[in-house]
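Enquirer: According to the working numbering, the sequence shown is numbered sequentially starting from 1.
All residues carry an ideal CB built from backbone N, CA and C; glycine is no exception.
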Amino acid sequence: MLFYVPKLVLIVFMFGEDLIRLIVGAYNFITNTYFEGNTTQYLPNRRKFVSQVALGLAVIPFSSLIYGMFKGKYNFKVITHTLFFDDLPDAFDGFSLTQISDIHSGSFNNSEKIEYAVDLINEQKTDLIVFTGDIVNTKAEEMDPWIHTLKRIRNPEFGKYSVLGNHDYGEFVSWPSEEAKLNNFKAIKGIHKKIDFNLLLNESVFIEKDGERLALVGVENWGHNFKKAGDLNKASSNVSEKDFKILLSHDPSHWEHEVKTHKDHYHLTLRGHTHGFQFGIEIPGIFKWSPVQYVYKQWAGIYEDLGQHINVNRGFGLHAYPGRVGI
1 MLFYVPKLVL IVFMFGEDLI RLIVGAYNFI TNTYFEGNTT QYLPNRRKFV
51 SQVALGLAVI PFSSLIYGMF KGKYNFKVIT HTLFFDDLPD AFDGFSLTQI
101 SDIHSGSFNN SEKIEYAVDL INEQKTDLIV FTGDIVNTKA EEMDPWIHTL
151 KRIRNPEFGK YSVLGNHDYG EFVSWPSEEA KLNNFKAIKG IHKKIDFNLL
201 LNESVFIEKD GERLALVGVE NWGHNFKKAG DLNKASSNVS EKDFKILLSH
251 DPSHWEHEVK THKDHYHLTL RGHTHGFQFG IEIPGIFKWS PVQYVYKQWA
301 GIYEDLGQHI NVNRGFGLHA YPGRVGI
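#1: From Phe197 to Ser162, what distance separates their C-alpha atoms?
#2: Are the CB atoms of Asn166 and Asn221 nearer to each other than 8 Å?
#3: Return the bridge partner residues of Phe287 from the DSSP annotation.
#4: Taking one C-beta from the region 79–90 and one from the region 274–281 each time, how about it: are there three or more such pairs within less than 8 Å?
#5: Alpha carbons only, please: which of Asn75, His257 and Phe13 is nearest the one belonging to Ala54?
#6: State the Cα-Cα distance for the pair Thr31 and Tyr294, rounded to the nearest angstrom.
#7: Report back the beta-carbon spacing between Leu128 and Ile207 to the nearest angstrom; my notes put them in contact at under 8 Å.
#8: How about the region 95–102 and the region 55–68: do they share at least three Cβ pairs that are nearer than 8 Å?
#9: Which word fits Thr274, buried or exposed, when buried means at least 16 other C-beta atoms lie within 10 angstroms of its C-beta?
#10: With Thr269 as the anchor, note down where its beta strand (DSSP E) starts and where it stops.
#11: Give the straight-line distance between the Cα atoms of Trp175 and Arg324, rounded to the nearest whole angstrom.
#12: Rounded C-beta distance between Ile147 and Ile121? I'm assuming under 8 Å.
#13: On the CB-based measure, 16 or more other CB atoms within 10 Å of its CB, does Ser96 come out buried or exposed?
#14: Check for me: the alpha helix (DSSP H) holding Gly218 runs from which residue to which?
#15: From Phe108 to Leu19, what distance separates their C-alpha atoms?
#16: Starting from Leu2, follow its DSSP beta bridges and name the residues at the other end.
#17: In whole angstroms, give me the CA-to-CA distance for Phe81 and Gly326.
#18: For the candidate residues Ala229, Lys228 and Ala235, whose alpha-carbon lies nearest to that of Val202?
#19: Using a Cβ-Cβ cutoff of less than 6 Å, which residues in the same chain neighbour Ile310 once the five nearest sequence positions on both sides are dropped?
#20: On the DSSP bridge assignment, give the partners of Thr98 in chain order.
#21: To the nearest angstrom, how far is the alpha carbon of Phe29 from that of Gln52?
#22: For Pro6, is the classification buried or exposed, using 16 other Cβ atoms within 10 angstroms of its Cβ as the cut-off for buried?
#23: Can you tell me which of the three DSSP states Tyr296 falls into?
#24: Quick test of your reading: Thr126 and Asn313, contact by CB under 8 Å. State the CB separation rounded to the nearest angstrom.
#25: Can you name, in chain order, every residue of its own chain whose Cβ lies under 7 Å from the Cβ of Met1, other than the five neighbours on each side?
#26: So, helix, strand or coil for Val190, using DSSP?
#27: Report buried or exposed for Leu199, applying the criterion of at least 16 other Cβ atoms within 10 angstroms of its Cβ.
#28: Taking all protein chains shown into account, decide if Asp251 is buried (16 or more other Cβ within 10 angstroms of its Cβ) or exposed.
#29: Assign Asp305 to buried or exposed, taking buried as 16 or more other Cβ atoms, counted over all protein chains shown, within 10 Å of its Cβ.
#30: Is Val59 closer than 8 Å to Glu17 when the C-beta atoms are compared?
#31: If I'm right that Ile135 touches Ile191 with Cβ under 8 Å, what's the distance once you round it to whole angstroms?
#32: Does the beta-carbon of Ser204 have 16 or more other beta-carbons within 10 angstroms, so that it is buried, or is it exposed?
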């Protein structure tokens, strides 16, 4: 990215100038040859000013990517949303939850920053904490140095719940045997218990308060372009159509392709997966752009359709590019 992104900026400007030079050169050739009868230099020289501007603009993505690797990667933010539902049980008016997603513990290298992030989670003092998948990059052992730190995430009144993401199935590396892969998957599922999260595997639980309840439904990963282990019907088998439902799932494409048109009404879906591409421009409430929006319709923040809401978390950790720029 450091090598190619600045070059792409240069190409746009230099090639754009070349097109203009070509048009001017063609005009000069026609007018000089057929109307004036003389020959000159048809093609104008490059303008130094344009080259300098192109170089100056190319520095911006280069310096931004460097900044994202050293500063932006741990620039943790709390983003707060207040949602309203006409059919929310009265007992849950004012109910609050904290969602974290995409820990990707194999990418951590600064314990002080991760401790700070856990403190930030605990400061919210919400009623419920949920985690929506990708606890590691691939291998369960990536989490070993961070168990104690993430176990510090407080246990709120209504508990801590989690689901799996596409990286939790160990499908992005070659394993010496199928048994090794299965053992890794078993160990990854065991991580959730070690940090006091209740892992929901295509199942649901009820959160009860003052004689009323809401359903918390957790499905395994279901992605349009990734593993489809999630079974929404199985996960909701003990939930009635009238229950107020919060769905935990990892990949937002699941909402677009199955959830929002499902016969059951899932009031709120919480997801992650996109990381907001870890690169983009975001001015809260005014402007938001990232290349990932050309792949996912829902990629960061709250969206509403057919009377249902989805929140796509920008991610706790990192994957691939070891930084964050603007997201």
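Expert: Based on what the coordinates show:
#1: Within the sequence shown, the letter at position 197 stands for residue 197. Within the sequence shown, the letter at position 162 stands for residue 162. Roughly 6 Å between the two C-alpha positions.
#2: If you number the sequence shown from 1, residue 166 lands on position 166. If you number the sequence shown from 1, residue 221 lands on position 221. Contact: yes.
#3: In the sequence shown, the residue the question calls residue 287 occupies position 287. DSSP output for Phe287 lists Ile283 as bridge partner(s).
#4: They do not touch, by the three-pair rule.
#5: As a working mapping, residue 54 is identified with position 54 in the sequence shown. For the residues Asn75, His257 and Phe13, the minimum Cα distance to Ala54 belongs to Phe13.
#6: What you label residue 31 is simply residue 31 of the sequence shown in a count that begins at 1. What you label residue 294 is simply residue 294 of the sequence shown in a count that begins at 1. So the alpha carbons of these two residues sit roughly 45 Å apart.
#7: In the sequence shown, the residue the question calls residue 128 occupies position 128. In the sequence shown, the residue the question calls residue 207 occupies position 207. Indeed they touch by this definition, with Cβ atoms about 7 Å apart.
#8: A contact is defined here as three or more CB-CB pairs under 8 Å, and the region 95–102 fails this definition with respect to the region 55–68.
#9: For the purposes of this step, residue 274 is identified with residue 274 of the sequence shown, where counting begins at 1. Looking at its Cβ environment, which holds 16 or more other Cβ atoms inside 10 Å, Thr274 is buried.
#10: Start at 1 with the first residue of the sequence shown, and residue 269 comes out as number 269. For Thr269, the uninterrupted beta strand (DSSP E) segment begins and ends at Leu268 to Arg271.
#11: Translated into the one-based positions of the sequence shown, residue 175 becomes position 175. Translated into the one-based positions of the sequence shown, residue 324 becomes position 324. Each residue's Cα considered, the two are about 30 Å apart.
#12: If you number the sequence shown from 1, residue 147 lands on position 147. If you number the sequence shown from 1, residue 121 lands on position 121. Their Cβ separation, rounded to whole angstroms, is 16 Å, which puts Ile147 and Ile121 out of contact at 8 Å.
#13: As a working mapping, residue 96 is identified with position 96 in the sequence shown. It counts as exposed.
#14: The count along the sequence shown starts at 1 and reaches residue 218 at position 218. It is not in any alpha helix (DSSP H) - Gly218 instead sits in the beta strand (DSSP E) that spans Glu212 to Gly218.
#15: The residue labelled residue 108 in the question sits at position 108 within the sequence shown. The residue labelled residue 19 in the question sits at position 19 within the sequence shown. So the alpha carbons of these two residues sit roughly 46 Å apart.
#16: Stepping through the sequence shown from its first residue, residue 2 is reached at position 2. Bridge partners of Leu2: none, in fact.
#17: Start at 1 with the first residue of the sequence shown, and residue 81 comes out as number 81. Start at 1 with the first residue of the sequence shown, and residue 326 comes out as number 326. Contrary to the premise, residue 81 reads as His rather than Phe in this sequence. The alpha-carbon atoms of His81 and Gly326 are separated by roughly 20 Å.
#18: Walking along the sequence shown from the start, residue 202 turns up at place 202. Looking at the sequence shown, residue 202 is not Val but Asn. Considering only alpha carbons, the answer is Ala235.
#19: Taking the first residue of the sequence shown as 1, we reach residue 310 at position 310. So the list reads Trp255, Thr269, Gln298 and Tyr303, once near-sequence residues are dropped.
#20: Looking up residue 98 in the sequence shown gives position 98. Answer is Ile129, bridged to Thr98.
#21: Here residue 29 corresponds to residue number 29 of the sequence shown, with the count starting at 1. Here residue 52 corresponds to residue number 52 of the sequence shown, with the count starting at 1. If you take the alpha carbons of Phe29 and Gln52, they lie about 28 Å apart.
#22: Your numbering for residue 6 matches position 6 in the sequence shown. Buried.
#23: Within the sequence shown, numbered from 1, the residue matching residue 296 stands at position 296. Coil, per DSSP.
#24: Translated into the one-based positions of the sequence shown, residue 126 becomes position 126. Translated into the one-based positions of the sequence shown, residue 313 becomes position 313. Between Asn313 and Thr126 the Cβ distance is about 14 Å, and since that is not below 8 Å, they are no contact.
#25: One-based indexing of the sequence shown puts residue 1 at position 1. Leu65 and Tyr321, listed in sequence order.
#26: Taking the first residue of the sequence shown as position 1, residue 190 is located at position 190. According to the sequence shown, residue 190 is Gly rather than Val. Helix at Gly190.
#27: Within the sequence shown, residue 199 is the residue found at index 199, counting from 1. With 16 or more Cβ atoms within 10 Å of its Cβ, Leu199 is classed as buried.
#28: Your numbering for residue 251 matches position 251 in the sequence shown. Buried.
#29: As a first step, residue 305 is located in the sequence shown; it is residue number 305 there, counting from the start. The residue is exposed, with fewer than 16 neighbouring Cβ atoms inside 10 Å.
#30: Within the sequence shown, the letter at position 17 stands for residue 17. Within the sequence shown, the letter at position 59 stands for residue 59. By the CB criterion at 8 Å, Glu17 and Val59 fall outside the cutoff.
#31: What you label residue 135 is simply residue 135 of the sequence shown in a count that begins at 1. What you label residue 191 is simply residue 191 of the sequence shown in a count that begins at 1. Ile135 to Ile191, Cβ: 6 Å. Contact.
#32: On the sequence shown, residue 204 is found 204 positions in, with the first residue counted as 1. It counts as buried.
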